[in-house]
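Quick note, the sequences are listed as chains A and B, same order. Residue numbering for the first sequence follows the working numbering, starting at 7 and increasing by one per position. Residue numbering for the second sequence follows the working numbering, starting at 7 and increasing by one per position. Here the structure comes first, spelled out in structure tokens, and everything after it is commentary.
Protein chains: 2
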Amino acid sequence: MRFMSDELAGGRHLLTIGQLANYAGVTVKAVRVYHDRDLLPEPPRDSSGYRRYGAEHAIQLVKIRTLVEAGVPLARIKELLGAGPEQFAEALDEIDRNLRKRAEEIRRTRQRIAQLHSGDRLFVSPEVASYLQRLREIGVSERTVLLERDLWILLQSVAPEQAAAWIADKLAAIADPEFCTLYVDYDAAFDWSPNDPRLPALAERTRQWFTSRDANAEAEPAPDPTITQLATVTAGASSPAWARIAELAKQTR
Amino acid sequence: MRFMSDELAGGRHLLTIGQLANYAGVTVKAVRVYHDRDLLPEPPRDSSGYRRYGAEHAIQLVKIRTLVEAGVPLARIKELLGAGPEQFAEALDEIDRNLRKRAEEIRRTRQRIAQLHSGDRLFVSPEVASYLQRLREIGVSERTVLLERDLWILLQSVAPEQAAAWIADKLAAIADPEFCTLYVDYDAAFDWSPNDPRLPALAERTRQWFTSRDANAEAEPAPDPTITQLATVTAGASSPAWARIAELAKQTR
DNA sequence: ACTTGACCTTGCCCCTGGGGCAAGGTTCGA
DNA sequence: TCGAACCTTGCCCCAGGGGCAAGGTCAAGT
């Protein structure tokens, strides 16, 4: 009969790779990878070629696992274990800062995931989101609101700064009750025939609203042709009546 | 002169891959990977072969990025985007649970990292850690404490359950002042010559302490030969005097 | 009309941190 | 003495892209 301690008598290295891995809570494969990467020194082998580990390896392995769990890349761990204690302490500080940052990111991601559930706050800027919300509140149809949303998405992608300037303008406009009724009437006109007799009046009211606004505002924000055309073209593409209004507005101007 | 909107007039797809990627906060490469993985439909191409995206792609891409950031594998994301809304909601719940779990893990990892800074609480069980702490408090040399620590590490790796039983025993013993003075004397004897005349007396006191303890305890915990041998052999390997004491104790028994 | 720089295209190989499997050799407990 | 549970090396595979090559295209300035 043999005791395990008979094997130990010869030296301080008695753990098999499986025992070591189990102790540290890692897989056998991981231990071998750490050997390959020179993070953990290769221990002596016993007579049959098995690796035999001692307490010093166990300690080192727990350090490695702790750093790995903290998200430190293996190459960096190798540097750290070889460095002096003051660099090590400094590195630990930085690792802790990273961990805190990651916790914060998880917090934000959780909020995002919750918003993914419903709503479009995720796809547009907060300003645009509240603009869309106002549209819904004054009774604009969901179809038109979604059309607006898509327009803003495109706008923010193509020219984020001009989109920001324009949305500020729109947020101001929607505080005006006259603009609201005008918008609601536009919404209703979506399905009208392009020959509907009510269209010229709507175009005229639109023209008047813009005129009075431009009179009040001293320096109107430069009306970038790209963006205004983008808006009209996109809108016109979905509703023939809206396209007709744009045409009428151009003629009277 | 051409306006960007001239290109748009033909359809609703106007973003280049770079604009799209920039809007969603991902790299161009990532967008192409999502095409390869069938997460994001391939948009139409313009006359020169460039991909041209619309708002619907932007929305889809933001969803994808949000899920990717939450750590959802691409294959799973593909399933989710194709599934019905109730499965989607269910999946979001599970993802959120995972995120919370990860936040908790980060909290624990931060504590571990802090302990890595100094101390050996990471390498042994809490019971062993407090035992080692007691040894330091009664004045045992650091060298011997480290020797004990390494022994416990090996013990916990080879036979965790017996180590747990033994440490309970040791924690009881160290409450006995007689055991403490005995331990401190052992510590001092580490460097003695194996022929030192004080050794037999020390061996005799050891024998007596064990005898009286065994008399008090009715059922002594099965003295596993593997473990006791491990202890004696490991200890004896580092100090000839200790080896001599073990030999003396064996003779008198 | 030409150039320059920023984009776009496809294709291929590279990285991390291991997992899985093959094809053996070893040791343990009954 | 046998089967289960170890151990050994070696090789290929995965996600989620990054980097680079070798081109084609576009807008602006001169």
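Every residue gets a Cβ at the ideal spot worked out from N, C-alpha and C, and that includes glycine.
Rounded to the nearest angstrom, the Cβ distance from residue 208/A to residue 191/A is 6 Å, consistent with a contact under 8 Å. DSSP places residue 171/A inside the alpha helix (DSSP H), whose first and last residues are 166 to 179. Excluding sequence positions up to five before and after residue 97/A, its CB lies within less than 6 Å of the CB of 86, all in the same chain and listed in chain order. Residue 174/A and residue 133/A have their C-alpha atoms some 8 Å from each other. Counting the other CB atoms within 10 Å of its CB gives residue 77/B a total below 16, which places it among the exposed residues. Residue range 61 to 75 is occupied by the alpha helix (DSSP H) that includes residue 75/A. Assignment of beta-bridge partners to residue 51/B by DSSP yields 57/B. Here the stretch 133 to 147 of chain A lies against the stretch 172 to 186 of chain A, with 3 or more beta-carbon pairs under 8 Å apart. In the structure shown, residue 161/B falls within a helical segment according to DSSP collapsed to helix, strand and coil. The CB of residue 69/B comes closer than 7 Å to the CB of 122 in chain A, given here in chain order. Considering only beta carbons, the part of the stretch 142 to 170 of chain A lying closer than 7 Å to chain B consists of 156, 159, 160, 162, 163, 164, in chain order. For residue 201/B, not one C-beta of chain A is nearer than 9 Å to its own C-beta.
For residue 51/B, the closest Cβ of chain A is not nearer than 9 Å.
Secondary structure at residue 46/B: coil, using DSSP grouped into helix, strand and coil. Rounded to the nearest whole angstrom, the C-alpha separation of residue 84/A and residue 41/B is 37 Å.
Per DSSP, the continuous alpha helix (DSSP H) segment holding residue 136/A begins and ends at 132 to 143. Looking at the backbone, the Cα of residue 158/B and that of residue 20/A are separated by about 13 Å. Residue contact check for residue 33/B against chain A: no CB pair falls below 9 Å. For residue 183/B, the uninterrupted alpha helix (DSSP H) run begins and ends at 183 to 195, by DSSP.
Taking residue 122/A as reference, the option from 95/B, 109/B, 119/B, 122/B with the minimal CA-CA separation is 95/B. For residue 81/A, none of the residues of chain B pass the 7 Å Cβ criterion, the least Cβ distance being about 18 Å. Take residue 52/B, set aside five residues on each side of it, and the residues of its chain with a beta-carbon closer than 7 Å to its own are 58, in chain order.
For residue 31/B, there is no enclosing alpha helix (DSSP H), as DSSP marks it with neither H nor E.
Residue pairing of residue 21/B in beta bridges, as defined by DSSP: 59/B. Interface flag for residue 56/B against chain A is unset, since no Cβ pair is found closer than 9 Å. Interface annotation for the stretch 19 to 33 of chain A against chain B: 20, 21, 25, 26, 29, criterion Cβ-Cβ distance under 7 Å. In this structure, the CA atom of residue 34/B is about 10 Å from the CA atom of residue 22/B. For residue 183/B, the closest C-alpha among the options 164/B, 148/B, 141/B is that of 141/B. Between the stretch 68 to 75 of chain A and the stretch 102 to 117 of chain A there are fewer than three inter-stretch CB-CB distances shorter than 8 Å, so the stretches are not counted as touching. Taking the beta carbon of residue 75/A as reference, the chain B residues within 7 Å of it are 115, listed in sequence order.
Around the Cβ of residue 45/B, a 10 Å sphere holds 16 or more other Cβ atoms; the residue is buried. For residue 64/A, the chain B residues whose C-beta falls within less than 9 Å of its own C-beta are 129, 156, 159, 160, 162, 163, listed in chain order. At the C-beta level, residue 124/A and residue 169/A stay beyond 9 Å of one another. If you check the CB distance, residue 248/B and residue 216/B do not come in under 9 Å. Below the 9 Å Cβ cutoff, chain A contributes 119, 120, 122, 123 as neighbours of residue 98/B, in chain order. In its chain, beyond the 5 residues on either side, no residue has a beta carbon closer than 6 Å to the beta carbon of residue 199/A.
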